[in-house]
Amino acid sequence: MAESSVETTTSTQVATPIHLPVKLFQSVFDHAADGMVIMDSHRRVLYMNRMAQQWTGLTQVLGVHCGTLFHCHDEHQQPLRSENCYGLCVLNEHTSKSNVEMNLVNRDGVTVPVSVTYSFIPGTGMDSHLLMSIRDISDKRRLEKENQKREALHYTLRERERLARDLHDTVAQDVAFANMQLKLMSEDAVKEHPSFAADLDRLSHVLDKTLGTLRDAIYDLTFQVDEDFQGFIKKCIVEFTTRTRVDIQYHAYHIPDHLEPHLTNQLAKIIQEALANIRKHAQAEHVHVSLTGQDFPHRLKLLIEDDGRGFDASAPLLQGQHYGMNTMRERCALIGGTLEVTSEPGKGTQIVVEVPLD
Numbered sequence: 064m065a066e067s068s069v070e071t072t073t074s075t076q077v078a079t080p081i082h083l084p085v086k087l088f089q090s091v092f093d094h095a096a097d098g099m100v101i102m103d104s105h106r107r108v109l110y111m112n113r114m115a116q117q118w119t120g121l122t123q124v125l126g127v128h129c130g131t132l133f134h135c136h137d138e139h140q141q142p143l144r145s146e147n148c149y150g151l152c153v154l155n156e157h158t159s160k161s162n163v164e165m166n167l168v169n170r171d172g173v174t175v176p177v178s179v180t181y182s183f184i185p186g187t188g189m190d191s192h193l194l195m196s197i198r199d200i201s202d203k204r205r206l207e208k209e210n211q212k213r214e215a216l217h218y219t220l221r222e223r224e225r226l227a228r229d230l231h232d233t234v235a236q237d238v239a240f241a242n243m244q245l246k247l248m249s250e251d252a253v254k255e256h257p258s259f260a261a262d263l264d265r266l267s268h269v270l271d272k273t274l275g276t277l278r279d280a281i282y283d284l285t286f287q288v289d290e291d292f293q294g295f296i297k298k299c300i301v302e303f304t305t306r307t308r309v310d311i312q313y314h315a316y317h318i319p320d321h322l323e324p325h326l327t328n329q330l331a332k333i334i335q336e337a338l339a340n341i342r343k344h345a346q347a348e349h350v351h352v353s354l355t356g357q358d359f360p361h362r363l364k365l366l367i368e369d370d371g372r373g374f375d376a377s378a379p380l381l382q383g384q385h386y387g388m389n390t391m392r393e394r395c396a397l398i399g400g401t402l403e404v405t406s407e408p409g410k411g412t413q414i415v416v417e418v419p420l421d
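In terms of the working numbering, the sequence shown has 268 at position 205, counting the first letter as 1, and numbering is strictly consecutive.
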């Protein structure tokens, strides 16, 4: 290729244009990272670069209308009509439009979010052309959704902390005060009105239980795994063994060094709920807990199994068990995971939780 140069100019001079070979332009278009499509004034395809051909899976598209080729859809998956076509607007207005986000159908029939830039290429008479530059923004959309989830989670956690403070400073304090007063009244009633003592004692027992429930709720609202996740699981196991004298084994394989707090918090609560169910209902002698990274580092598998009395998984559960299972399923859903429960009478129970990490 012959070398070209630009003359030095003053403010009143015009730069000498650089004449670049047609092959260089062809090479630029063919090796561009974006899909490039050139159309005539009727939006019929005249040229597609390699990326656009790979994207559509088509090579013979000369004269094909762009609407037939791309099946453009808006953000609500509704087909764009001719009067709403951005390319037509660009041709009519002799202007350009940048970073227009829409959905196009690729060669596999999958709808993909893209950013499209329409460039008006002037000509003489009806010789105007349209350049359509297409960029896949699937990763961008995915990151935006992840950021939205993180922001929503952050807001939710702040609201939970505020609610916990309100409960602690108002309801819990009031219940504790009422219970204390009731106990004092009960002491006086034993002397003067013995028949009231049993009733007051029952009311005091109800308030004790209510206060315990409130404190559990406040703990749950403010719960965070402050220490490392593995250390927290081992602490749960020690507490479980101390309370039940049940043999429990824990194994961990291929666990990533760092796990997101929202993930560890929910997994920790699932483990606590599962162990609580075993303690209350299973009558087990042995429990096995394992945490395994699978297809590393894409998935995490939590296994909790016991040799207790089990239950019929197809039959309605007891009220406490039903609540606990539903809570675990809801926590799984919050982190995009799945929960599977397998159990038979006399054959123990197995809980499997699988969570995506990527």
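For every residue, glycine included, the Cβ atom is placed at its ideal position computed from N, Cα and C.
Apart from sequence neighbours up to five positions away, the residues of its chain that approach C299 with a beta-carbon distance below 7 Å are I334, Q335 and L338, ordered along the chain. The beta-carbon distance between A347 and G411, rounded to whole angstroms, is 7 Å. This is short enough to meet the 8 Å contact definition. The beta carbon of D93 sits closer than 8 Å to those of N112 and R113, all from its chain and outside the five residues before and after it, given in chain order.
Here I333 carries a helix assignment [DSSP, helix/strand/coil]. In the DSSP assignment, T276 forms no beta bridge with any residue. Cα atoms of V85 and R107: separation of roughly 22 Å, rounded to the nearest angstrom.
If you look at D199, you'll find it isn't in any alpha helix (DSSP H); it sits in the beta strand (DSSP E) that goes H192 to D199.
The distance from the Cβ of H349 to that of D310 is about 5 Å, consistent with a contact at the 8 Å cut-off. The bridge partners DSSP lists for Q413 are E368 and T405.
S178 and V163 have their C-alpha atoms some 5 Å from each other. In this chain, the beta strand (DSSP E) harbouring V175 covers T174 to I184.
At the C-beta level, T355 and Y316 come within 8 Å of one another.
The C-beta distance from V238 to L274 rounds to 5 Å, short enough to meet the 8 Å contact threshold.
Around the beta carbon of Q123, fewer than 16 other beta carbons lie within 10 angstroms, which makes this residue exposed. Contact between S201 and N242 is absent: CB atoms are separated by about 57 Å, not below the 8 Å threshold. The beta carbon of G399 sits closer than 8 Å to the beta carbons of V418 and P419 from its chain, once the five residues preceding and following it are set aside; these are given in chain order. Assignment of S90 by DSSP, reduced to helix, strand and coil, places it in the helix class. Residue pairing by DSSP places L167 opposite V175 in a beta bridge. Assigned with DSSP and collapsed to three states, N242 falls in helix.
Residue pairing of I318 in beta bridges, as defined by DSSP: absent, with no partner found. Judged by DSSP in its simplified three-state form, H128 adopts strand. Boundaries of the alpha helix (DSSP H) harbouring Q293: F292 to T307, taken from the DSSP string. Collapsing the DSSP output to three states places G150 in a helix. In terms of Cβ geometry, P176 and N166 form a close pair [threshold 8 Å]. Distance from V153 to L109 at the Cβ level is roughly 16 Å; contact not present, criterion being Cβ atoms closer than 8 Å. Around the beta carbon of L87, a 10 Å sphere encloses fewer than 16 other beta carbons of the protein chains shown; the residue is thus reported as exposed. C-alpha of Q211 to C-alpha of L125: approximately 42 Å in a straight line.
Sequence-distant Cβ neighbours of H231 in its own chain, meaning closer than 8 Å and more than five residues away, are I281.
Nearest Cα to L263 within the set L245, E255 and L121: L245. Distance from the Cα of Q357 is smallest, within the candidate group I318, D283 and L330, for I318. Between Q329 and L397, the C-beta spacing is below 8 Å. Shown here, I398 sits in coil according to DSSP, grouped into three states, outside any helix or strand. Boundaries cannot be given for Q346, as no alpha helix (DSSP H) includes it and DSSP labels it neither H nor E. For G98, the enclosing beta strand (DSSP E) has its first and last residue at G98 to M102.
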